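Trainee: Handing you this structure, nothing more for now.
2 protein chains.
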Amino acid sequence: MDVPTPPWRTPRKIARQQLSQDLIVRTGLRILDEEGLEALSMRRVAQELGTGPASLYAHVANKEELLELIFDEVVGEIEVPIADPARWRDQLKELCWHMYRVLGSHADVGRLALASIPVGPNAARVSEAFLSIMLAGGLPPQVATWGLDRLYLYVTADAYESSLFLAKQRASGLELDSWADQFFGQVRTYLSQLPADRFPSLTGNVDAMMRGDGDKRFEFGLEMLLRGLDSFRD
Amino acid sequence: MDVPTPPWRTPRKIARQQLSQDLIVRTGLRILDEEGLEALSMRRVAQELGTGPASLYAHVANKEELLELIFDEVVGEIEVPIADPARWRDQLKELCWHMYRVLGSHADVGRLALASIPVGPNAARVSEAFLSIMLAGGLPPQVATWGLDRLYLYVTADAYESSLFLAKQRASGLELDSWADQFFGQVRTYLSQLPADRFPSLTGNVDAMMRGDGDKRFEFGLEMLLRGLDSFRD
DNA sequence: TAACGGAACGAACAGTGTTCGTTCAACGAA
DNA sequence: TTCGTTGAACGAACACTGTTCGTTCCGTTA
Chain A
1 MDVPTPPWRT PRKIARQQLS QDLIVRTGLR ILDEEGLEAL SMRRVAQELG
51 TGPASLYAHV ANKEELLELI FDEVVGEIEV PIADPARWRD QLKELCWHMY
101 RVLGSHADVG RLALASIPVG PNAARVSEAF LSIMLAGGLP PQVATWGLDR
151 LYLYVTADAY ESSLFLAKQR ASGLELDSWA DQFFGQVRTY LSQLPADRFP
201 SLTGNVDAMM RGDGDKRFEF GLEMLLRGLD SFRD
Chain U
1 MDVPTPPWRT PRKIARQQLS QDLIVRTGLR ILDEEGLEAL SMRRVAQELG
51 TGPASLYAHV ANKEELLELI FDEVVGEIEV PIADPARWRD QLKELCWHMY
101 RVLGSHADVG RLALASIPVG PNAARVSEAF LSIMLAGGLP PQVATWGLDR
151 LYLYVTADAY ESSLFLAKQR ASGLELDSWA DQFFGQVRTY LSQLPADRFP
201 SLTGNVDAMM RGDGDKRFEF GLEMLLRGLD SFRD
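Take a look at the structure:
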């Protein structure tokens, strides 16, 4: 025989739901994947979990921490190899590509890529892999550690830039192909119409400027970096 | 003998002020330099100009456009050389360093560096300089244009990352040196305390990981890129 | 059983970018 | 000179944001 709730007491909707940091992070990542970074607010996450935004703060310090946790969650998808001295260059390349693809598969995550210091548990794991590969390849420790720093910056910067393009495409409401045609068509027109006397190199190489998609440019830059890194070998 | 304003008409504070896009951009840049990116809101700019935020929209489409214009204003400070075939490598290096320094002198501008497609008038001027130097150095057009793309990404990404550190320092309320000691001390401790069996490379090279300030790392990465670029010469 | 501590929660705060409708002022035509 | 037009300038308001503060709930321990 329960005593009925007095009418002056606000009834709760449901029994309190158990939250956890992991649940919040996974929910955030799902929202980001499906709706984009702009849709990822504390309220949106809370709504998805059937609660209010204030409840999230028992598990994450603030939104910034949530974003860092989400990014590290994604980095957790990166599989890392065991270093092989005979294949260190290929392994570095493959690892960079793998990272590039994982970040690209959660498109808007690129926008978080440069926002955090790589000290999450998964980022440390990936850093260890990078470093061990370079050390196995005979690079001096200082070259390897700085190489790690710069390669990580390169991959995350490329991811960041790609995510910006994607945001523009999404904001346009167009399909990716339509948007790309339009956007890059505009860039081409802009370059073509620059005054040739002041911009002879740009106007004279518009085709070369426009050639190559994101993959090709990433590949080219990576090759630059790896060749440069190789030149520091003893 | 003027007729007095009727009391039912809201009196204007002052005579209407003439605004211009240039004035808004310069004001925005000043606020960003003095108070940081977080303080740069439409309201803050409008306040500084003695008006309301809605007035700015007669001159800039939205905040995003204002930030792009501010960035291009800063890029306008970059002096570009005339390409010299005999010194193309040095010239590239100097241009990158010059750009690095200009971006660094407006510290929070780095946060805008990756946000815009480099098609502003000043960005085009800098792009032309990069490209002409590489072409003068004998690089094939495709290598030069992709090299431009990747070098630009590198410099702006480094600026972005640096500005993040600066934001953390500013948020801490500490002086730069105090904050750096504390922050990097924490990173060092974190690395040192990773389990050595799972992170042998990181834990075995903490000193090398921590060595080198931003300038050194930028220099190293730039050297990687330039050596790599050189390897593509015919 | 009562007290404690941490999780969960709602209300509210201060702030954001932007839009909408209005006012102002300059300019050109009649 | 007057009137109409147009674009700049403006204020009020909207919808939204991250976060804090105070309260309630619930599990654990003494």
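Here the protein sequences come in this chain order: A and U.
Residue numbers 1 to 234, in the UniProt record's numbering, belong to the letters of the first sequence in order.
Residue numbers 1 to 234, in the UniProt record's numbering, belong to the letters of the second sequence in order.
Note that beta-carbon positions come from the ideal geometry of N, C-alpha and C, so glycine has one too.
Since the structure is predicted, the reported quantities are computational estimates derived from the model, not experimental observations.
Between which two residues does the alpha helix (DSSP H) holding Ser162 of chain U run?
Mentor: First-last of the alpha helix (DSSP H) with Ser162 of chain U: Pro141 to Ser172.
Trainee: What is the rounded straight-line gap between the Cα of Met210 of chain A and the Cα of Val143 of chain U?
Mentor: Taking the straight line joining both Cα atoms gives about 12 Å.
Trainee: Name the chain A residues whose beta carbon is nearer than 8 Å to that of Arg150 of chain U?
Mentor: In chain order: Arg217, Phe220, Gly221 and Met224.
Trainee: Tell me whether the beta-carbon of Pro81 of chain U lies closer than 8 Å to the beta-carbon of Asn205 of chain A.
Mentor: No, the pair does not count as a contact, with Cβ atoms beyond the cut-off.
Trainee: Going straight from the alpha carbon of Asn62 of chain A to that of Leu69 of chain A, what length do you get?
Mentor: Answer to the nearest angstrom: the Cα atoms are 11 Å apart.
Trainee: Between the segment 127-138 of chain U and the segment 171-179 of chain U, are three or more C-beta pairs nearer than 8 Å?
Mentor: These segments do not touch.
Trainee: Counting only the same chain and skipping the five closest in sequence on each side, list residues whose C-beta sits under 7 Å from that of Val155 of chain A.
Mentor: The answer, listed in chain order, is Cys96, Met99 and Tyr100.
Trainee: Measuring only between beta-carbons, confirm whether Leu112 of chain A sits less than 8 Å from chain U.
Mentor: False, the Cβ-Cβ gap to chain U never drops below 8 Å.
Trainee: Taking 6 Å as the limit between beta carbons, can you name the residues of its chain near Val74 of chain A, skipping five residues before and five after?
Mentor: Answer for Val74 of chain A: His106 and Val109, listed in chain order.
Trainee: Less than 8 Å between CB atoms is the rule here; does Ser192 of chain U satisfy it with respect to chain A?
Mentor: Ser192 of chain U does not count as touching chain A.
Trainee: In chain order, what residues of the same chain lie with their CB nearer than 8 Å to the CB of Pro6 of chain A, ignoring the 5 residues before and after it?
Mentor: For Pro6 of chain A, the pLDDT reaches just 42, beneath the cut-off of 50, and the residue's location in the model is therefore unreliable, leaving the point undetermined.
Trainee: Thinking Leu202 of chain A and Leu153 of chain U are a contact (beta carbons under 8 Å), I'd like their distance in whole angstroms, please.
Mentor: Not confirmed; about 17 Å, so no contact.
Trainee: Nearest to Glu64 of chain U by alpha carbon, out of A:Ala58, A:Phe218 and A:Lys168?
Mentor: Cα-wise, what sits closest to Glu64 of chain U is A:Lys168.
Trainee: Consider the Cβ of Pro81 of chain U: report whether some Cβ of chain A lies at a distance smaller than 8 Å.
Mentor: Not closer than 8 Å to any Cβ of chain A, the Cβ of Pro81 of chain U fails to qualify, so no.
Trainee: In whole angstroms, give me the CA-to-CA distance for Gln182 of chain U and Phe199 of chain A.
Mentor: Going from the Cα of Gln182 of chain U to the Cα of Phe199 of chain A covers about 47 Å.
Trainee: Count the other CB atoms, across all protein chains shown, that sit within 10 Å of the CB of Thr10 of chain U; report buried if there are 16 or more and exposed otherwise.
Mentor: Here Thr10 of chain U scores only 41 on pLDDT, less than 50, and its place in the model is too uncertain to base an answer on.
Trainee: Just to confirm, are Asp72 of chain U and Gly120 of chain U a CB contact at a threshold of 8 Å?
Mentor: For Asp72 of chain U and Gly120 of chain U, yes; Cβs fall inside 8 Å.
Trainee: Does the Cβ of Lys216 of chain A have 16 or more other Cβ atoms within 10 Å, making it buried, or fewer, making it exposed?
Mentor: By the neighbour-count rule (16 or more Cβ atoms within 10 Å), Lys216 of chain A is not buried but exposed.
Trainee: Among residues of its own chain, excluding the 5 on either side of Arg233 of chain A, which ones have a beta-carbon nearer than 7 Å to its beta-carbon?
Mentor: Cβ within range, chain order: Gly138 and Leu139.
Trainee: Got a sec, what are the start and stop residues for the alpha helix (DSSP H) Leu226 of chain U sits in?
Mentor: Gly214 to Asp230 is the extent of the alpha helix (DSSP H) around Leu226 of chain U.
Trainee: From U:Gln91, U:Asp90, U:Gly36 and U:Gly52, pick the residue whose C-alpha is nearest to that of Leu67 of chain U; which is it?
Mentor: Here the closest residue by C-alpha is U:Gly36.
Trainee: Taking all protein chains shown into account, do 16 or more other C-beta atoms lie within 10 angstroms of the C-beta of Gln17 of chain A, making it buried, or fewer, making it exposed?
Mentor: Exposed, by the Cβ-count rule.
Trainee: Using the C-alpha atoms, what's the distance from Ser20 of chain U back to Leu226 of chain A?
Mentor: About 47 Å.
Trainee: Please report the distance separating the alpha-carbon of Ala113 of chain U from that of Glu223 of chain A.
Mentor: Cα to Cα, the separation comes out at about 24 Å.
Trainee: List, from N- to C-terminal side, the alpha helix (DSSP H) runs of 4 residues or more that fit wholly inside the segment 87-128 of chain A.
Mentor: List check, alpha helix (DSSP H) in window: 88-105 and 110-113.
Trainee: If you draw a straight line from the C-alpha of Phe220 of chain U to the C-alpha of Ile133 of chain U, how long is it?
Mentor: Answer to the nearest angstrom: the Cα atoms are 21 Å apart.
Trainee: When you compare the CB of Glu88 of chain A with every CB in chain U, is at least one pair closer than 8 Å?
Mentor: Going by the sequence as given, residue 88 of chain A is Trp instead of Glu. Taking Cβ atoms only, chain U never reaches closer than 8 Å to Trp88 of chain A, which makes this a no.
Trainee: Whose C-alpha, out of A:Leu164, A:Asn122 and A:Val187, is nearest the C-alpha of residue 323 of chain A?
Mentor: Not covered by the structure: residue 323 of chain A. The range shown for chain A is 1 to 234.
Trainee: Would you mind stating whether Gly228 of chain A and Gly228 of chain U have Cβ atoms separated by less than 8 Å?
Mentor: Taking 8 Å as the Cβ cut-off, Gly228 of chain A and Gly228 of chain U qualify as a contacting pair.
Trainee: Express the C-alpha separation of Glu48 of chain A and Glu38 of chain U in angstroms, rounding to a whole number.
Mentor: One C-alpha to the other measures close to 29 Å.
Trainee: Could you check what DSSP says for Thr27 of chain A in three-state terms: helix, strand or coil?
Mentor: Of the three classes helix, strand and coil, the one that applies to Thr27 of chain A here is helix, per DSSP.
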